[in-house]
Amino acid sequence: AATPDGATEVVVKFASRYGKAAHRLLSDAKLAPKLHWCEPIIGGLFMVVMDHLEDGASIWRLRNSSRPKPVPEAVLRDVKRALKLLHENRFVFGDLRDTNVVSSKEQGFLVDFDWAGKEGEDRYPAALNENNKWHDEVRAHAVMSKAHDDYQFEQLEAQLK
10 AATPDGATEV VVKFASRYGK AAHRLLSDAK LAPKLHWCEP IIGGLFMVVM DHLEDGASIW
70 RLRNSSRPKP VPEAVLRDVK RALKLLHENR FVFGDLRDTN VVSSKEQGFL VDFDWAGKEG
130 EDRYPAALNE NNKWHDEVRA HAVMSKAHDD YQFEQLEAQL K
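End of the sequence shown sits at 170 in our numbering; the numbers just go up one at a time, nothing left out.
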């Protein structure tokens, strides 16, 4: 998809919940794709429109393609900056996995703010992938914490060493 003037390629996604404020915060800091629009539509779904990241690839894709590529060091630095900014503003990302970190033009971006919310207030969804290595306190409907993001960052960092 593209913006009405055709100048910008965009991604359109639909989600049952979305951390619009967290995405906007990181988008403004150039640590997430530019957020064009995010509003509830019919059936309680959110329609989210954001920039498509040119030449972007998730860390998972970089590492698991037929020709694996190294993850630029700047990507992890940017993820760390993004988490710091979120946490300073009482947000939790919630789903920090290699599939939700994108490398584009030697920069790191967080994507997929479906779980993002306020620390100590918002909760994890009902369905969690049990194959992922989560912090011990992470469970279906558990209250989200910055410590969970920090744990996931350590896991991500260890994967890339």
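Positions of the beta carbon are idealized from the N, C-alpha and C atoms, including for glycine.
Would you grab the beta carbon distance between residue i and residue j for me? Rounded to a whole angstrom, and I think it's under 8 Å.
i      : j      : result
Leu119 : Asn109 : 6 Å
Ala38  : Ala125 : With 8 Å as the limit, Ala38 and Ala125 do not qualify as a contact, their Cβ atoms being about 14 Å apart.
Count the other CB atoms, across all protein chains shown, that sit within 10 Å of the CB of residue i; report buried if there are 16 or more and exposed otherwise.
i      : result
Glu130 : exposed
Glu128 : buried
Ser75  : exposed
Pro49  : exposed
Ala149 : exposed
Ala135 : exposed
Gly52  : exposed
Is it the case that the Cβ atoms of residue i and residue j are separated by a distance below 8 Å?
i      : j      : result
Val20  : Met59  : yes
Gln168 : Asp107 : yes
Leu62  : Pro42  : yes
Glu146 : Ser154 : yes
So, for residue i: in the same chain, excluding its five sequence neighbours on each side, which residues have a beta-carbon less than 6 Å away from its beta-carbon?
i      : result
Ala151 : Tyr133
Ala24  : Phe55, Asp123
His144 : His157, Tyr160
Gly65  : Val111, Ser113
Ser36  : Lys43, Leu44
Asp99  : Going by the sequence as given, residue 99 is Arg instead of Asp. If we look at Arg99 and ignore the five residues flanking it on each side, its Cβ neighbours are Lys127, Glu128.
Lys29  : Cys47
Ile68  : Val80, Asp107, Val110
Arg33  : Leu44
Leaving out five residues before and five after residue i in sequence, what residues of the same chain have Cβ atoms less than 8 Å from its Cβ?
i      : result
Asp87  : Leu40, Gln116, Gly117, Phe118
Asp121 : Asp104, Thr108, Asn109
Leu137 : Trp143, Val147, Arg148, Ala149
Leu85  : Gly117, Leu165, Glu166, Leu169
The ligand ADP and residue i: does the residue's C-beta get closer than 7 Å to at least one heavy atom of that ligand?
i     : result
Val19 : The ligand ADP is not part of the structure shown, which contains no ligands of any sort.
Quick one: what's got a C-beta closer than 7 Å to residue i's C-beta in the same chain, skipping five residues either side?
i     : result
Tyr27 : Cys47, Phe55, Val57, Phe122, Asp123
Leu92 : Phe102, Asp158, Phe162
Arg90 : Leu40
How about the region 111 to 126 and the region 80 to 99: do they share at least three Cβ pairs that are nearer than 8 Å? Counting C-beta pairs with one atom in each stretch, the region 111 to 126 and the region 80 to 99 have three or more that are closer than 8 Å, which means they touch.
Counting pairs of Cβ atoms below 8 Å between the region 145 to 163 and the region 87 to 106, do you hit three or more? yes
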